[in-house]
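See below:
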């Protein structure tokens, strides 16, 4: 069964450093998403991406965040200057279509710890 | 604003016992409803989903859920829990026409032998 993969599984970084979280969505999917879950809190939507542009973003997704699909397979989330409060589990997801009739398939997550 | 509430943070049941995990949502119309499960080190796996039609939906691993509009609920059930069901369960709501999900805070299920 096809699956979404994410690397690294864990990342530790110093405050102010840039991090790039990587995701390989399911190959024939067109819509890509990032969510995050701060420890003990809800999974929160960050951004959705379609046709090489952001289709929707939350208020969390400020100028420190960016997403990119640099090639035909990867989908990345960059945090330019990490803050302590960016520590969280970051989930990537993909779906075949924008309609919610299409299920979002999630990766295993990247646990980011900012020190 | 849309919101999802899972009132139980932790639940412990004995193997073979029945299970019900609660989910309540706040939304102005009929939402799209999902249950996901996350085992340690794994991603969020879809158990089942409801869009319309029959309010009792069947999912994988013997799970089912019932949409009750009057109670704004979408509770997950399983008649007989197996030790391998120990995981964290997330309820999620989607809005027609939009493609982002709103998640509950999750319920961690422990299964006693």
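Chains as they are written, first to last, in my numbering: chain A, 16 to 130; chain B, 459 to 571. Where a beta carbon is used, it is the ideal one built from N, C-alpha and C, also for glycine.
**Prompt:** So, is residue 119/A buried or exposed, given that buried needs 16 or more other C-beta atoms within 10 angstroms?
**Reply:** buried
**Item:** Beta carbon proximity, residue 516/B to chain A, threshold 8 Å
**Value:** no
**Prompt:** What is the C-beta distance between residue 551/B and residue 485/B, in whole angstroms, given that I count them as a contact (C-beta under 8 Å)?
**Reply:** 6 Å
**Prompt:** Hey, does residue 568/B have any beta-carbon neighbour from chain A nearer than 8 Å?
**Reply:** no
**Message:** Given a cut-off of 8 Å on the beta-carbon distance, is the pair residue 58/A and residue 128/A in contact?
**Reply:** no
**Message:** Tell me which residue opens and which closes the beta strand (DSSP E) that residue 52/A is part of.
**Reply:** 46-52
**Prompt:** Can you tell me whether DSSP reads residue 126/A as helix, strand or coil?
**Reply:** strand
**Message:** Just to confirm before moving on: does the CB-CB distance between residue 121/A and residue 501/B stay below 8 Å?
**Reply:** yes
**Asked** Excluding the five sequence neighbours on either side, which residues of its own chain have a C-beta within less than 6 Å of the C-beta of residue 482/B, listed in chain order?
**Response** 463, 530 and 531
**Message:** Residues in the same chain with beta-carbon distance under 6 Å from residue 95/A, minus the five sequence neighbours each way, listed in chain order, please.
**Reply:** 33 and 79
**Rounded straight-line distance, which links the Cα of residue 66/A to that of residue 547/B** = 32 Å
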